[in-house]
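Enquirer: Count along the sequence shown starting at 1, add 8, and that's the number in the numbering used here.
Backbone N, C-alpha and C define an ideal beta-carbon position, used for all residues, glycine too.
Please read all numbers here as calculations on a predicted model, not as lab measurements.
Encoded as structure tokens, here's the structure I'll be asking about.
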Amino acid sequence: MPCHSVVFDGGWAKAGSGTSFEHIKMLNKLTTYLKEVRLELGKVNWPNREQTTRYTILVIGVSLAVALFLGGLDYIFSWVLNKFVL
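The following block contains the structure:
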């Protein structure tokens, strides 16, 4: 009975091509990369729930303050343009 090998080659599997060392190298590099990513994520100092809540409220507050400030400037400039220019 003939023995057929299947090699993944650029998106298509080719029968009878033999072993492709480039693809094995690529898979090993990808595996190594993902392991290193996991190790680095373990070193991250993640915020706890209280810090996350505090920072979220701070971001929302600053966003609202900036929106009110810019809205106020827009209103004032529109009023000045309508009163004196237009």
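Does DSSP classify residue 94 as helix, strand or coil?
Expert: Residue 94 sits at position 86 when you count from the first residue of the sequence shown. Three-state DSSP puts residue 94 in coil, outside helix and strand.
Enquirer: Which of the three DSSP states, helix, strand or coil, is assigned to residue 56?
Expert: Position 48 of the sequence shown holds residue 56. Residue 56: coil per DSSP, three-state reduction.
Enquirer: Taking only the alpha-carbon atoms, compute the straight-line gap between residue 78 and residue 46 and give it to the nearest angstrom.
Expert: Within the sequence shown, the letter at position 70 stands for residue 78. Within the sequence shown, the letter at position 38 stands for residue 46. Spanning the two alpha carbons is a distance of roughly 42 Å.
Enquirer: Tell me where the alpha helix (DSSP H) around residue 47 begins and ends.
Expert: Your numbering for residue 47 matches position 39 in the sequence shown. 29-51 is the extent of the alpha helix (DSSP H) around residue 47.
Enquirer: Compute the Euclidean distance between the alpha carbons of residue 72 and residue 66, then round it to the nearest angstrom.
Expert: For this step, residue 72 is matched to residue 64 along the sequence shown. For this step, residue 66 is matched to residue 58 along the sequence shown. Distance between the alpha carbons of residue 72 and residue 66: 10 Å.
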